[in-house]
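Numbering (numbering that gives the first Met the number 0) for the sequence shown: 0 to 150.
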Amino acid sequence: MVARASRAREQALSLAVDTNVIIDLVAGTQAAAELASTVLEKHAERQGLLICPIVYAELFAHPGWNKKEIDAFLRATTIGVQWEIARDVWEAAGSAWAEYAARRKRQPSGAPRRLLADFAIGAHAAATGGLITGDAAFYRTNFPDLRLITV
0 MVARASRARE QALSLAVDTN VIIDLVAGTQ AAAELASTVL EKHAERQGLL
50 ICPIVYAELF AHPGWNKKEI DAFLRATTIG VQWEIARDVW EAAGSAWAEY
100 AARRKRQPSG APRRLLADFA IGAHAAATGG LITGDAAFYR TNFPDLRLIT
150 V
């Protein structure tokens, strides 16, 4: 019980990192990489940085990266992976996804479609304590109470 309470307190002091921030850091323009690096370093000093398993999986799509490179990058940047995600996070992701689907049906087509993964990342970040992202508009719309740090 004490370990669980300690883990919950630790997670509440953490920030989640979106896939786009990591990709900017390793493959973005020089300006984007410098901005991502500055923001991550600033917030890593104050609180832990985490990614959810979906972000971890998305990193495999980066050209040339495999498990070895991803794990080395995460160790070097001290970004942890929160492998276990609670049921309430999945329920929040599902609820936000359903609201999005209902809004999308009422809007003219042409807007980019979002994936369930985006909603799982947002719900995880809401449970964690906030999100560092380059996609603030999406998260503001779908997770209005989510603490956002934008790059």
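Here a beta-carbon is modelled for each residue, glycine too, at the ideal position from N, C-alpha and C.
Everything numeric in this text was worked out from a predicted model, so none of it was measured.
Residue i vs residue j beta-carbon contact at 8 Å
i: Val-80; j: Ile-148; result: no
i: Asp-23; j: Ala-15; result: no
i: Ala-122; j: Ala-95; result: yes
7 Å Cβ shell around residue i - same chain, five flanking residues per side excluded
i: Asn-19; result: Thr-132, Gly-133 and Asp-134
i: Thr-28; result: none
Sequence-distant residues of its chain with Cβ nearer than 8 Å to residue i (five each side left out)
i: Tyr-99; result: Arg-113, Phe-118 and Asn-141
Residue closest to residue i, alpha-carbon to alpha-carbon, out of the options
i: Leu-77; options: Ile-84, Ser-36, Glu-83 and Arg-146; result: In the sequence on display, residue 77 carries Thr and not Leu. Closest option to Thr-77, Cα to Cα, is Ser-36.
i: Ala-92; options: Val-150, Tyr-138 and Ala-30; result: Tyr-138
i: Leu-56; options: Ala-101, Leu-73 and His-42; result: First, the residue type needs correcting, since residue 56 is Ala and not Leu in the sequence shown. Among Ala-101, Leu-73 and His-42, the Cα nearest to that of Ala-56 is on Leu-73.
i: Ala-71; options: Trp-82, Leu-58 and Leu-34; result: Leu-58
Boundaries (first-last residue) of the beta strand (DSSP E) holding residue i
i: Leu-14; result: 14-16
i: Thr-132; result: 130-132
i: Leu-145; result: Leu-145 -> no beta strand (DSSP E), and no H or E assigned at all.
Continuous alpha helix (DSSP H) stretch holding residue i: start and end
i: Leu-115; result: 115-127
i: Thr-140; result: 135-141
Cut-off 6 Å between Cβ atoms - residues of its own chain near residue i, not counting five sequence neighbours on either side
i: Arg-146; result: Gly-129
Considering only residues of the region 36-96, which uninterrupted beta strand (DSSP E) runs meet the minimum length of 3 residues and lie entirely inside it, listed in chain order?
-> 48-50 and 78-80
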